[in-house]
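Asker: If you read the sequences in order, they're chains B and R. So in the numbering used here, the last spot in the first sequence is 395, and the numbers never skip. So in the numbering used here, the last spot in the second sequence is 81, and the numbers never skip. Just so you know, even glycine gets a beta-carbon here, dropped at the ideal spot from N, CA and C. As the structure is a prediction and not an experimental result, all values here were calculated from the model. My questions will all concern the structure given below.
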Amino acid sequence: YSTFPQSPRWKKEDVTYRILNYTPDMLQADVEEAIAKAFQLWSSVTPLRFTRLYSGQADIMISFAAGFHGDFYSFDGPGGTLAHAYPPSSGIGGDAHFDEDENWTKFTTYNGYNLFLVAAHELGHSLGLGHSNVFGALMYPIYMARDTRDYRLPQDDIDGIQALYGPPRESSALPTKAFHPQEPTEMTPAEDCDPHLTFDAITTLRGEILFFKGGYVWRKSPYFSDIEHDTISSFWPSLASGFDAAYEVDKKDRVIFFKDDQYWAVSGYSIEPGFPKPIQNLGFPTSVGKIDAAVHDQNTKKTYFFVGNRYWSYNENTQSMERGYPRKIAADFQGIDHTVDAALQKNGHFYFFHGSNQYEVDIKNKKLIRIMKSNSWFNC
Amino acid sequence: FPVVPEKEKEDMQFAKKYLENFYDFKEEKNSLFKAKNLNRMADKIREMQSFFGLEVTGELNHKTLDMMKQPRCGIPDVRS
Chain B
16 YSTFPQSPRW KKEDVTYRIL NYTPDMLQAD VEEAIAKAFQ LWSSVTPLRF
66 TRLYSGQADI MISFAAGFHG DFYSFDGPGG TLAHAYPPSS GIGGDAHFDE
116 DENWTKFTTY NGYNLFLVAA HELGHSLGLG HSNVFGALMY PIYMARDTRD
166 YRLPQDDIDG IQALYGPPRE SSALPTKAFH PQEPTEMTPA EDCDPHLTFD
216 AITTLRGEIL FFKGGYVWRK SPYFSDIEHD TISSFWPSLA SGFDAAYEVD
266 KKDRVIFFKD DQYWAVSGYS IEPGFPKPIQ NLGFPTSVGK IDAAVHDQNT
316 KKTYFFVGNR YWSYNENTQS MERGYPRKIA ADFQGIDHTV DAALQKNGHF
366 YFFHGSNQYE VDIKNKKLIR IMKSNSWFNC
Chain R
2 FPVVPEKEKE DMQFAKKYLE NFYDFKEEKN SLFKAKNLNR MADKIREMQS
52 FFGLEVTGEL NHKTLDMMKQ PRCGIPDVRS
């Protein structure tokens, strides 16, 4: 690895960034995700924390431009130079410029350049790294298409960036706050078998069960025995700050995430185009600012949304709220006399989570069967 | 095959620009220093070949030119 002469670096751990404009080659959400994921790569191996700004002057200003674009290094049309970035300092220092004459893509096929890979390289410069002559290093000067899904930073790049900033703080590798920077994200994961464990949201996903709390997710999978614990940003970098509710429509291979008054549809790792959308699109009145929990009944194709002590029923076939709702939860679900933090359908039952307890309910007659600890799924 | 002189000239131009951009090559504008320029350019080609692990010959051979044409980052590999 190498650094710039005199090894300029940011003299703080909280670094801000702002996306000034977008390439027409990609969806905005995909550009934001690529950039957030690129920052997360560097924050996961250093004490650095990155916060996205939406106006004003940020440390790292990110933009797309072609040819001459106001600095001394004009771009050269398709191919050749793809992008450049400036080492840490005030003004243009830290800024990253991407050549709009290239074809930018979120894929790693050969008809375009993967924005995440190029952005991760350029942000290395924005943090003070020069080029590396280690073939395969991220800071190698020449673009190399590679699989980006579980991309891990090569050791040479880790050595370089830690020579400038040291390793992450003890507590945890802080996920990139790519969304809602003013909202605190859980900084340290709770213990799997803590009897007081509570969850923000729960959903199935392709046969697995995902339990969300703050910026973390527990994965219970039929494909491996133990419970996996990850940061949400390692699956969906631009949704790092967590969710209020989530549910899967398995026939469509689609999971819907809710945060405040917005919702996202994802299929596997990918956020579907055009999201986030306002929850009012689903038929909620403007008086509803967020939802507590959601669960989809795969048999009836109805989705139940829980808000306070009431719930709605949404018809996935007609994509509309059913008439006669909202109704009182306690009126229809015997024994559920409180709000619902998270909800799950599994093995023909509903599981309603409230604090550190979960309530198993028979779906057909909506009768309470038994009460268990919320983390009973973790084989404690 | 014999390289068409025009093509050779083009390649030399391209390589000079590349070395100026990324290897801090500065050409003496005064044509009296032609020989000196060629030596200096050969030195910079050697520096670039060494960085990319190519055989260090100082000559603008096919492999070196091919590496120069790869899509890349606009930041120099070496700086004064």
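(1) In its own chain, which residues sit with a C-beta less than 8 Å from the C-beta of Asn324/B, not counting the 5 before and 5 after it?
(2) Three-state secondary structure (DSSP) at His84/B?
(3) Is there a Cβ from chain B that is less than 9 Å from the Cβ of Gln71/R?
(4) Can you name the start and end residues of the alpha helix (DSSP H) that Gln55/B belongs to?
(5) On the DSSP bridge assignment, give the partners of Gln277/B in chain order.
(6) With DSSP as the reference, identify every bridge partner of Ser328/B, one or two as the case may be.
(7) Can you have a look at Val57/R and say buried or exposed, based on whether 16 or more other CB atoms are within 10 angstroms of its CB?
(8) If you check the beta carbons only, do Thr66/B and Thr31/B fall under 9 Å apart?
(9) Assuming Ala98/B and Gly75/R make a contact with CB atoms under 8 Å, what is their CB distance in whole Å?
(10) Grouping DSSP H, G and I as helix and E and B as strand, with all else coil, what is Tyr101/B?
(11) In three-state terms, what does DSSP make of Thr191/B?
(12) Are at least three pairs of beta-carbons, each pair with one atom in the stretch 237 to 249 of chain B and one in the stretch 283 to 293 of chain B, less than 8 Å apart?
(13) Output needed in chain order: residues of the stretch 90 to 106 of chain B with a Cβ under 8 Å from some Cβ in chain R.
(14) Please classify Asn118/B: does DSSP put it in a helix, a strand, or coil?
(15) Consider the Cβ of Phe150/B: report whether some Cβ of chain R lies at a distance smaller than 9 Å.
(16) Which first and last residues belong to the alpha helix (DSSP H) in which His146/B is found?
(17) Using a Cβ cut-off of 8 Å, pull out every chain R residue sitting near Tyr166/B, in sequence order please.
(18) Would you kindly report the start and end of the unbroken beta strand (DSSP E) that includes Ser236/B?
(19) How about Lys235/B and Phe227/B: are their beta carbons less than 9 Å apart?
(20) With DSSP as the reference, label Val79/R as helix, strand or coil.
(21) Would a check of beta-carbon distances place Phe19/B closer than 9 Å to chain R?
(22) For Gly94/B and Thr120/B, what's the separation of their Cα atoms in angstroms?
(23) Between the stretch 45 to 77 of chain R and chain B, which residues of the former have CB atoms less than 9 Å from a CB of the latter, in chain order?
(24) Could you give the DSSP three-state label for Arg41/R: helix, strand or coil?
(25) Going by DSSP in three states, Ile50/R sits in which element: helix, strand or coil?
(26) Look up Val412/B in the DSSP assignment and say whether it is helix, strand or coil.
(27) Among Ala160/B, Tyr180/B, Ser105/B and Tyr128/B, which one has its Cα closest to the Cα of Leu144/B?
(28) What are the residues in the stretch 131 to 145 of chain B lying within 9 Å of chain R by C-beta distance?
(29) Counting C-beta neighbours from all protein chains within 10 Å, is the total for Arg73/R 16 or more, i.e. buried, or is it exposed?
(30) What residue from Ser22/B, Ala134/B and Asp114/B has the CA that sits closest to Asp45/B's CA?
(31) Please determine, among Ser248/B, Asp347/B and Asn126/B, the residue with the shortest C-alpha to C-alpha distance to Ile378/B.
(32) Can you tell me the Cα-Cα spacing of Ile34/B and Ala216/B, whole angstroms?
Answerer: Taking the coordinates as given:
(1) Lys343, Ile344, Ala345, His353 and Thr354
(2) coil
(3) yes
(4) Gln43 to Ser58
(5) Lys274/B and Pro293/B
(6) Tyr319/B
(7) exposed
(8) yes
(9) 6 Å
(10) coil
(11) Here the model assigns Thr191/B a pLDDT of 33, short of 50, so the residue's position is not dependable, and the following value carries that caveat. Three-state DSSP puts Thr191/B in coil, outside helix and strand.
(12) no
(13) Phe90, Gly94, Gly95, Thr96, Leu97, Ala98, His99 and Ala100
(14) coil
(15) yes
(16) Per DSSP, His146/B belongs to no alpha helix (DSSP H) and is neither H nor E.
(17) Within 8 Å Cβ-Cβ: nothing; Tyr166/B doesn't reach chain R, min ~17 Å.
(18) Tyr231 to Ser236
(19) no
(20) coil
(21) yes
(22) 14 Å
(23) Ser51, Phe52, Phe53, Gly54, Met68, Lys70, Gln71, Pro72, Arg73, Cys74, Gly75, Ile76 and Pro77
(24) helix
(25) For the sequence presented, residue 50/R should be read as Gln rather than Ile. Gln50/R falls in the helix class under three-state DSSP.
(26) Nothing about residue 412/B can be read from this structure; chain B reaches only from 16 to 395.
(27) Tyr180/B
(28) Val133, His136, Glu137, His140 and Gly145
(29) buried
(30) Ala134/B
(31) Asp347/B
(32) 30 Å
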